[in-house]
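Notes follow the structure.
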Amino acid sequence: MELTRRNFLKYLGIAAAAGTVQGKIALDLLRPVPSQATTESNVIYKAGVCGICGMNCAMKGKVVDGVLIKLEGNELDQQSGGSLCAKGNAGINILYNPDRLKYPMVRTNPEKGIGVDPKWKRISWEEAFDLAAQKLSEIKEQYGGKAIAWFGGHKGTDFLKAIGSPNDFCHHSTCDTVREVACEVMLGTSAYIPDFAETDYILSFGWDQFGKAKNAWARLMAKALDRGAKLVVFDPRLSPTASKAQEWYPVVPGTDHALVLAMLNVIISEKLYDAEYVAKYTTGFDKLAEEVRKYSPEWAAELTGVPAADIVRIAREFAAAKSAVIPCHKREAAQVHPNGMALVQGMIALMAITGNFERRGGAMFRKKAKLNKVSPPEEAPGLETTIRVDGADRLPILLECGHAVYQSIADAILEEKPYPLKAAIIYKQGLFSMPNPAKFVEAFKKLFIININIQPDEMALLADLVLPDVTYMESATVSVRKYHALYPQIAVSEPMVKPMYETKSRSTIIREIAKRMGIDQYLNPSGSSVRDQQLSLYGLTQKDVIAQGGVISPEGTEVKYKDLTKLSTPSGKIELYATRLAEHGYNPLPTHRDEWILPKPKAGEFYLVTTRFATHRHAQMQNYRWVHEIYPENYVSINKKTAAILGIADGEEVIVESPYGQIKIKAKLTEAIRPDTVCIPHGYGHWSKYLSNAYSKGANDGDLAPARSIEETLEMDPVAGSNNDCHLLVKVRKA
Amino acid sequence: MHGEVLWNVYIAIYLFLAGISAGSAVLAAVNQLFGIWEEKVTKAAAYVAPFPVMGGLLALVLDLSRPLNFYQVMLHYNWTSVMSWGVVFLNLFPPVALLFAVSHFTGWFEKYRKALAVAVMALGVGIGTYAGLLLAAISANPLWGNPVLGVLFLVSALSTGVCAAMLVAQFVFKVSHQSLKGLAVVDSTLIILELVVIAVLLIGWAVAPTGGKALQILLAGEYAGIFLGGVLVFGLLVPLALNLLELGAFGKARHIPAVAPLLVLVGGYFLRHVIVYAGQAIYPLLLG
Amino acid sequence: MANKRYGMVIDLRKCAGCHACTVACKAENKVPDGIKRTKIIEEETGEFPNVAITFRKHQCMHCQDAPCVKVCPTKASYHTEFGTCEVDPKLCIGCKYCVHACPYRARTINPENGLPEKCTLCVDKLAKGELPACATTCIGNAITVGDLNDPNSEVSRAVAKGARPLNPEWNTKPSIFYIWNRR
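From first to last, the protein sequence lines are chains A, B and C. Counting from 1, one number per residue, gives the positions in the first sequence under my numbering. Counting from 1, one number per residue, gives the positions in the second sequence under my numbering. Counting from 1, one number per residue, gives the positions in the third sequence under my numbering.
Here it is in structure tokens:
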């Protein structure tokens with residue numbers, strides 16, 4: 001007889017004595033549910049809007065005795081759908097983070113640099129406002145308003161106008177300007193919505209918002225998979241999205257556009273496109289057909305490593321699908337390689353010629369709700385110059401999209417070209433949002449920096465004046481649904497708790513500084529009256545919207561459609577041949593540029609791809625304890641077989657070196673990546689000692705990235721000004 | 001947390017001390033009932049029996065993460081839990097063993113001694129078995145969840161109990177060399193039995209699907225030194241050799257007082273220690 | 001009294017391992033730092049390019065034949081009227097036997113109160129007719145909660161269609177079932 005452990009114990013009468021019946025629990029063991037430990041009499045739910053990522057999910061905050069204890073998605077919101085991602089759930093950590101900036105501080109250490117302690121001195125708000133106004137006024141007097149820049153989120157545009165500066169900087173050229181520009185010129189809008197809820201076919205080129213838990217898209221991607229939609233993913237690594245796909249192709253990094261061009265070739269040459277739709281809603285089809293004729297599946301196969309037969313089959317499946325979509329968001333395949341523009345143009349063309357725009361299950365236009373405009377009491381006098389420090393004035397379409405050439409700022413400051421920059425107000429931009437931060441640190445040594453910030457990150461350490469900001473849980477806002485607005489919808493938030501410590505809102509801070517500079521009449525009004533005014537378009541106040549659950553859908557909750565002959569493009573239609581690009585002398589068609597394909601990596605060399613953990617946004621969440629303990633540090637993923645050749649063991653520290661810098665980081669061995677590619681999750685390597693959890697954990701992939709000068713940028717991507725962070729090869733060796 | 005240790009030295013000490021009490025109680029009872037050696041042996045073992053387990057209970061309470069609730073374990077019993085059975089034995093054993101010892105010390109209620117001996121033996125075997133089964137009942141643990149481990153702990157309990165009694169018999173009661181030799185025979189038999197049980201355990205792991213990890217950690221891993229050196233060599237093989245030397249197995253008998261039983265006792269602790277710790281190291285928590 | 005058996009069906013085809021559940025649980029249940037009641041276990045199988053990754057939510061399985069309940073000397077570990085495994089703080093002495101007995105390794109000790117820390121299936125929320133925090137926040141809608149003893153519940157239907165528990169061969173009758181990833 002086989003004496004298993006269980007049998008033996010049964011024999012002893014130990015395991016068998018529990019009087020259980022099949023599927024039922026012994027009744028004598030059943031007891032009532034324990035009563036909740038906390039009395040829940042003082043619970044109030046407050047309306048909120050998540051401020052962590054751009055999706056701005058509407059949410060509810062559970063407040064007990066004045067303490068925010070839990071955040072939950074607001075089910076009225078078409079974006080959050082009642083759920084929140086890990087980051088959203090961890091929002092409370094931002095509010096109650098003991099490391100938080102609590103009061104205004106000024107640096108007493110004149111030396112600035114990586115790892116240098118600013119030797120902060122606490123000051124009063126009055127002193128802080130006076131100091132800021134005095135410094136900025138002096139600089140404006142001596143060098144002009146243009147010597148002052150604003151970094152971050154276009155939240156200081158009115159202030160810049162008031163002082164006459166054109167230097168409104170945002171990070172998008174290291175992120176999604178390629179997608180924005182391509183969409184603008186072809187569709188007349190900056191983005192489209194992948195309608196996963198109804199789709200039958202999804203093509204992903206590095207798109208991994210499922211793995212990064214972008215709420216609405218992750219949720220609806222799961223729904224699409226549940227419905228049996230086909231998902232094909234091209235990605236050098238098996239991303240979480242790819243792990244769900246029926247087909248995954250580990251494409252050669254930086255060559256995705258070739259697949260799209262070849263698929264266009266197949267669909268057009270085999271006449272699989274929707275001719276009626278093309279004729280009715282698009283322009284430039286013949287020119288596109290002519291261009292893509294040269295991109296055969298065999299050519300693409302050679303470049304990408306994806307078999308030609310699969311390219312042809314997928315193209316046919318895509319064209320035959322009842323509905324199909326190619327999602328495109330940020331920093332994925334498109335944004336980090338110089339042929340990215342062709343990729344996005346090609347993606348839009350693929351969906352357009354198969355009739356998938358404004359079709360359920362395809363790509364939908366954003367239906368953004370309108371609000372009453374608010375404007376400053378007095379019109380600002382006008383900009384001193386249109387020439388910008390970052391050189392964005394040399395990229396007219398990018399500038400029309402409202403974006404900057406982020407990467408070139410460091411060189412411009414260092415070389416004082418085209419003119420010297422003397423001060424910057426930096427809001428919600430961490431140092432790690434900047435490519436090659438070491439270069440930016442050098443540049444920032446030349447500036448007087450006012451940092452409006454929540455946590456004592458590296459940017460705060462580089463600042464001359466640190467002003468503590470409120471979080472989105474301590475302030476109110478009116479937020480138009482954008483990322484996934486299938487119908488117009490507005491979410492409103494109220495402060496869930498009183499602002500902690502001495503924190504103040506950005507608008508209050510800027511108004512107080514502007515007042516002291518005598519320019520506050522040029523600022524947009526702020527406060528609750530503004531929110532009421534914005535909402536008065538619908539005859540509602542902020543309070544009314546909160547009473548209705550925090551979210552309103554002024555035109556009902558049916559999906560709205562846009563007339564595809566009345567787009568904001570010059571022709572009003574989808575422009576397969578982008579006339580706006582032609583007007584500016586750019587190539588109007590998706591075109592392969594062979595000189596911008598990376599050389600094949602030699603032994604010990606790798607393509608670099610980056611990602612980020614679903615629990616973190618950019619470099620800003622690493623210090624928050626609930627998400628910190630999930631992923632305390634990052635690593636470089638290396639294919640197991642390649643690592644074996646290099647003698648690298650799992651968990652061992654390695655040096656990753658690019659032409660622009662090097663980092664020391666732990667290796668994670670995996671089979672889920674191309675043997676010639678390494679992947680690093682972004683956001684780590686914090687060197688601010690004041691971030692008690694994140695300090696010195698992992699490494700920053702941004703140290704490997706170039707911060708390209710404006711000239712280099714113009715050569716590589718003259719249209720969208722993308723930094724193309726990953727257009728490089730790295731070397732990996734044992735540390 | 002990976003390989004987090006929740007049961008630490010307190011549990012090892014507790015299992016060790018409970019074993020000594022069990023073993024010496026059985027020795028005292030056997031000699032009482034069958035009169036194999038002089039009465040001093042019974043006395044020595046009977047005096048030893050009640051006390052180690054009391055120290056063990058103290059260690060057990062110190063290990064609790066909610067010690068103030070300790071009394072609940074006396075009020076509530078769960079008969080599917082080995083631990084509840086243990087509580088029964090641990091409640092009954094010390095008073096009975098103490099009574100038995102008092103009887104020998106004072107000479108009171110002499111006519112009930114045989115009955116007491118039977119009770120002490122039964123409870124002693126109960127404690128010894130329980131201390132082994134406490135871990136063996138955790139069937140999912142690749143190291144602990146093995147009935148043979150229960151047998152090992154029981155044999156080791158007898159062995160350490162006999163050795164503790166031997167030391168007291170030798171130094172407090174100055175028993176005859178003849179009796180000591182007799183006890184050395186018992187001790188040697190138990191050691192050989194223990195070695196056999198260990199061999200059965202190791203062979204069992206070698207053929208069981210999850211046993212590889214157990215073998216690895218005991219024979220090659222973090223705990224190999226303490227298991228091979230502390231338990232096998234110095235806890236079993238060396239005292240066995242000393243016993244055989246004493247019994248004249250290698251020619252002229254030589255008396256080396258105390259060394260062999262002391263080594264057995266130390267080895268007995270190491271056995272509990274290594275099993276308690278290694279069992280947690282190879283069976284890490286997934287949550288926490 | 002109706003004999004309920006509340007459990008979960010977790011659809012791993014819809015789980016991207018985003019940890020929304022992990023964090024929502026920490027907030028809902030005020031779980032101390034360094035401890036989790038639920039977590040995501042990422043498992044990679046195969047060789048490049050035929051690789052698969054499965055993300056699996058791991059937690060207390062609320063076994064009906066629960067080793068933790070069996071080994072608890074004071075019956076502090078018990079089944080609630082919802083069929084969930086629960087610990088009674090009044091009875092628990094902190095012997096940690098349950099932590100060691102759980103074959104799913106789903107318990108640990110809370111350093112603040114000495115109690116075994118584990119998923120309760122948010123049974124206090126169930127009692128109020130609400131869903132557990134993880135199920136509410138799950139971005140992929142991968143978590144379904146219901147009464148497995150009600151043949152018409154969504155969870156029972158999923159089980160009938162082939163959702164399986166982890167390691168059913170351990171015969172602990174878990175109430176957490178998985179629909180396994182297809183890749």
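Glycine is no exception: its CB is placed at the ideal position from the N, C-alpha and C atoms. In this text, all values refer to a predicted model and were calculated from it rather than measured experimentally.
Nearest candidate by alpha-carbon position, reference Leu91/C, set Asn91/B, Glu110/B, Leu64/B
Leu64/B
What in chain C is Cβ-close to Asn141/B, meaning under 8 Å?
His100
Please classify Trp150/A: is it buried, with 16 or more other beta-carbons within 10 angstroms of its beta-carbon, or exposed?
buried
Quick one: is Gln72/B near chain C, going by C-beta distance under 8 Å?
yes
Can you pull the chain B residues whose beta carbon is under 9 Å from the beta carbon of Thr120/C, in chain order?
Neighbours of Thr120/C on chain B: none; closest Cβ ~13 Å, over 9 Å.
Closer than 8 Å to chain C by CB, Asn587/A:
no
Please confirm if Leu238/A has its CB atom under 8 Å from at least one CB of chain C.
yes
Bounding residues of the beta strand (DSSP E) (the contiguous stretch that carries Pro194/A)
192-194
Is the shortest distance between the beta-carbon of Thr80/C and the beta-carbons of chain A less than 8 Å?
yes
Inter-residue Cα distance where the pair is Thr304/A and Val732/A
23 Å
With a Cβ-Cβ cutoff of 8 Å, do Ala169/B and Ser159/B count as a contact?
no
For Tyr269/B and Lys666/A, I'd like the C-alpha separation in whole angstroms.
40 Å
Pull up the distance between the alpha-carbon of Tyr624/A and that of Ala199/B, whole angstroms please.
52 Å
State yes or no: is the beta carbon of Thr137/C nearer than 8 Å to at least one beta carbon in chain A?
yes
Answer with yes or no whether the minimum CB distance from Ile648/A to chain C is below 8 Å.
no
Check each residue of the region 189-211 of chain B: if its Cβ is closer than 8 Å to any Cβ of chain C, include it; give the result in chain order.
none
Once the 5 residues before and after Ala158/C are set aside, which same chain residues still bring their CB inside 6 Å of it?
Val9
Minimum C-alpha distance to Gln533/A - residue among Thr477/A, Asn634/A, Arg516/A, Ala245/A:
Thr477/A
Three CB pairs or more closer than 8 Å across the region 139-155 of chain B and the region 235-246 of chain B:
no
Any chance you could list the alpha helix (DSSP H) runs of at least 4 consecutive residues sitting entirely within the region 158-242 of chain A, in chain order?
177-187, 215-227
Among the candidates Lys212/A, Lys214/A, Arg179/A, Ser243/A, whose CA atom is the shortest distance from the CA of Leu225/A?
Ser243/A
So, helix, strand or coil for Cys50/A, using DSSP?
coil
Can you check whether the CB of His727/A is closer than 8 Å to the CB of Pro338/A?
yes
Taking only runs of the alpha helix (DSSP H) that begin and end inside the region 225-267 of chain B, which ones reach a length of at least 4 residues, in chain order?
238-246
Looking at the unbroken beta strand (DSSP E) that takes in Ile176/C, where does it start and where does it end?
176-179
Neighbour flag for Pro73/C against chain A, beta carbons, 8 Å
no
Below 7 Å between beta carbons is the criterion; list the residues of the region 18-48 of chain C that meet it against any residue of chain A, in chain order.
Cys18, His19, Ala20, Thr22, Val23, Ala24, Lys26, Ala27, Glu28, Asp33, Gly34, Glu44, Gly46, Glu47, Phe48
Within the 8 Å Cβ cut-off, does Val159/C reach chain A?
no
For Val51/C, the first and last residue of its enclosing beta strand (DSSP E)
50-58
Below 8 Å, how does it come out for the region 615-622 of chain A and the region 357-373 of chain A: are there three or more Cβ pairs, yes or no?
no
Give the DSSP-derived three-state secondary structure of Thr283/A in the structure shown.
strand
Please report the residue range of the beta strand (DSSP E) in which Val106/A lies.
105-107
I want to see whether chain C comes within less than 8 Å of Leu64/B, judged by CB atoms only; does it?
yes
The region 479-496 of chain A in contact with the region 114-128 of chain A per 3-pair CB rule at 8 Å:
no
Under 8 Å, CB to CB, which of the residues in the region 47-79 of chain A have a partner in chain C?
Ile69, Lys70, Leu71, Glu72, Gly73
Does DSSP put Leu567/A in a helix, in a strand, or in coil?
coil
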